[in-house]
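Visitor:
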Amino acid sequence: MNLIENGNFRGDLSAQDDMNIRYISLIRKIFISTALVSFAIFIGRLAGLVREVLLASTLGISKEADMAVLMLTFPDFLLNIIVGGAMAAVLVPTFKRLNRTEAVSFFSQMNFVIAILFSIFTLILFLKPEILISIFAPGFDTTEMQIIFPYLRIVVWILPFTAFAGVSTAFLQANERFFIPALGTLLFNGIVIAGLFIGRNQNMILISLAVSIVLAGFIRWLSQLWNIKTFSPLLSLSKSPFLNKKLLIGYFESVFALGIPLLIPVIAGAFATLSTEGGLALLNYSNKLIQLPLGIFLTVFSITLFPKFSELLSKHEEFMKAKTLIRSSLWLVFSLSIILMLIFISFRSPIVRLIYDHGHVTLNDIATLTELTGIGFLVLPAMGLSSLLITIYNAKLDTRTPLIINLIMLLGFILSAWILSNYYGLTGIVVAQVVSSWLGMLLQIIMLRYSHGVLFSPNKRVFKRA
Numbered sequence: 002m003n004l005i006e007n008g009n010f011r012g013d014l015s016a017q018d019d020m021n022i023r024y025i026s027l028i029r030k031i032f033i034s035t036a037l038v039s040f041a042i043f044i045g046r047l048a049g050l051v052r053e054v055l056l057a058s059t060l061g062i063s064k065e066a067d068m069a070v071l072m073l074t075f076p077d078f079l080l081n082i083i084v085g086g087a088m089a090a091v092l093v094p095t096f097k098r099l100n101r102t103e104a105v106s107f108f109s110q111m112n113f114v115i116a117i118l119f120s121i122f123t124l125i126l127f128l129k130p131e132i133l134i135s136i137f138a139p140g141f142d143t144t145e146m147q148i149i150f151p152y153l154r155i156v157v158w159i160l161p162f163t164a165f166a167g168v169s170t171a172f173l174q175a176n177e178r179f180f181i182p183a184l185g186t187l188l189f190n191g192i193v194i195a196g197l198f199i200g201r202n203q204n205m206i207l208i209s210l211a212v213s214i215v216l217a218g219f220i221r222w223l224s225q226l227w228n229i230k231t232f233s234p235l236l237s238l239s240k241s242p243f244l245n246k247k248l249l250i251g252y253f254e255s256v257f258a259l260g261i262p263l264l265i266p267v268i269a270g271a272f273a274t275l276s277t278e279g280g281l282a283l284l285n286y287s288n289k290l291i292q293l294p295l296g297i298f299l300t301v302f303s304i305t306l307f308p309k310f311s312e313l314l315s316k317h318e319e320f321m322k323a324k325t326l327i328r329s330s331l332w333l334v335f336s337l338s339i340i341l342m343l344i345f346i347s348f349r350s351p352i353v354r355l356i357y358d359h360g361h362v363t364l365n366d367i368a369t370l371t372e373l374t375g376i377g378f379l380v381l382p383a384m385g386l387s388s389l390l391i392t393i394y395n396a397k398l399d400t401r402t403p404l405i406i407n408l409i410m411l412l413g414f415i416l417s418a419w420i421l422s423n424y425y426g427l428t429g430i431v432v433a434q435v436v437s438s439w440l441g442m443l444l445q446i447i448m449l450r451y452s453h454g455v456l457f458s459p460n461k462r463v464f465k466r467a
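Count along the sequence shown from 1, add 1, and you get the number used in this note's numbering.
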């Protein structure tokens, strides 16, 4: 007997009770996974804050601080786009649709392709480090570029290790093993902190930082590979390939779609280097505080729900479960983000003083950081909900719509940041970040409604019937 008709249940009570029990069990499992991942991300972000505090207390707001932030911005950007976004968006649904043997084979084949592709990228950046300068810090002068080039040539070797970790993370998440990948941030930041302590003398801090960044990326990848345990590269590579044109197109669309929001802080930093000396460091310290509640409490839902969304949305018989889960998730994240925004804005001043009022940071720097961070916290609802909305797009195998939306958002940010930074400096750049993020989130909601019939409403069905 068909139990679902026009969005309502009909049938005997035991069938409905069985569905309710299975749904409650699913919710319990998701919340346990979310709690574990939140804890792992929390201690990882906490280590990240210790990293920034150590950097600020040692170098203050200076050209040397800008150089150190540039060296850290590159791996952080890679981590967010490769490990946290694009690869998972494409690979997790693919892994979920393969049996165990096929998944292991696909995992090996992806690593083989990654080894070739990202080694080429690394070699290019090693020979031409000025590419990174032009993207991340166009305000650096010739002298600063000559100082930073040798260290960037070391840092770029984190690229293949981060790409390998992206494949490993997707494989583990597809098997609903979230904790080990989530601990990667703690492992990475812990090794970088050790490097900063070793090079505390300013004459050694940049070289020590560069070496520790590459070592941290390598060890993070090995920790994930050790937990997979079923990796048989030669045997797996000999089997039929699972890579195809559709998958590659989807991957590159995801790279650009998920990379664009991550480019906004990078471009903001580029504007900051043109605005004032130490502007990149100030903006970076502010962004780290904003990312703390975002990473611990909000985007974590996207990590744990994505494999389940991918599984449920691929099965017609799981329509009702997907409908209920998506509606609950959207409103939970939105409500939580509003609460967090109000709390962190209210306590922005003591938070900034507690974390950054040490060492070489001046009272004027603290005042500027407080202002920037207070404005920046307004972005929490937009970015929190946006991360979950993109998860729904990816679970429905639509990577193109987010790409178009994010391109519009990027253009809006560049235009508004260019105008506002001329009048309001760093404050104008942060305002442009907030406005563009809200614009992107609203466009995602509108297009999800018209492209896939997904409704953001507490009183209506999440999916429209065709």
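Glycine included, each C-beta is placed from N, C-alpha and C at the ideal position.
Predicted, not measured: the structure shown is a model, and the values here were computed from it.
1. Taking 6 Å as the limit between beta carbons, can you name the residues of its chain near residue 413, skipping five residues before and five after?
2. Use the C-beta contact count for residue 227: other C-beta atoms within 10 angstroms, 16 or more gives buried, fewer gives exposed.
3. Which residues mark the beginning and the end of the alpha helix (DSSP H) in which residue 289 is found?
4. Among 269, 395, 344, 405, which has the Cα closest to the Cα of residue 74?
5. Nearest to residue 207 by alpha carbon, out of 345, 56, 292, 445?
6. Would you kindly work out how many angstroms separate the C-alpha atoms of residue 254 and residue 95, rounded to a whole number?
7. Under three-state DSSP, which class holds residue 105?
8. Less than 8 Å between the CB atoms is what I'm expecting for residue 1 and residue 306, so what's the real figure, rounded?
9. Check whether the Cβ of residue 95 sits closer than 7 Å to any heavy atom of the ligand ADP, and report yes or no.
10. How do the segment 38-50 and the segment 180-190 stand: do at least 3 beta-carbon pairs fall below 8 Å, yes or no?
11. Tell me the rounded alpha-carbon separation between residue 148 and residue 122.
12. Please state the DSSP three-state secondary structure of residue 76.
13. Out of 446, 374, 423, which one is the CA nearest neighbour of residue 403?
14. Buried or exposed, going by whether 16 or more other CB atoms sit within 10 Å of the CB of residue 107?
15. Taking contact to mean 3 or more Cβ pairs, one atom from each stretch, closer than 8 Å, check whether the segment 324-335 and the segment 374-389 are in contact.
16. Let me know if residue 379 comes out buried or exposed under the rule of 16 or more other beta-carbons within 10 Å of its beta-carbon.
17. On the premise that residue 344 lies in contact with residue 357, defined as a C-beta separation below 8 Å, what is that separation, rounded to the nearest angstrom?
18. Using the C-alpha atoms, what's the distance from residue 417 back to residue 1?
19. Which residues in the same chain have their Cβ closer than 6 Å to the Cβ of residue 153, if we skip the five residues on either side of it in sequence?
20. Would residue 166 pass as a contact of residue 38 if the rule is Cβ separation under 8 Å?
21. Hey, how far is the Cα of residue 340 from the Cα of residue 151?
22. Can you give me the start and stop residues for the alpha helix (DSSP H) that residue 158 sits inside?
23. Taking Cβ positions, are residue 422 and residue 276 nearer each other than 8 Å?
24. Could you check where the alpha helix (DSSP H) with residue 388 kicks off and where it finishes?
Guide: The relevant details are as follows:
1. 437, 440
2. exposed
3. 280-294
4. 269
5. 56
6. 15 Å
7. helix
8. Nothing in the structure corresponds to residue 1, since the chain is present only between 2 and 467.
9. With respect to small molecules bound, the structure shown includes none, and the ligand ADP cannot be examined in it.
10. yes
11. 22 Å
12. helix
13. 446
14. buried
15. yes
16. buried
17. The Cβ separation is near 19 Å, so there is no contact.
18. As shown, the chain starts at 2 and ends at 467. That puts residue 1 outside it, with no answer to give.
19. 130, 133
20. no
21. 45 Å
22. Residue 158 -> no alpha helix (DSSP H), and no H or E assigned at all.
23. yes
24. 381-396
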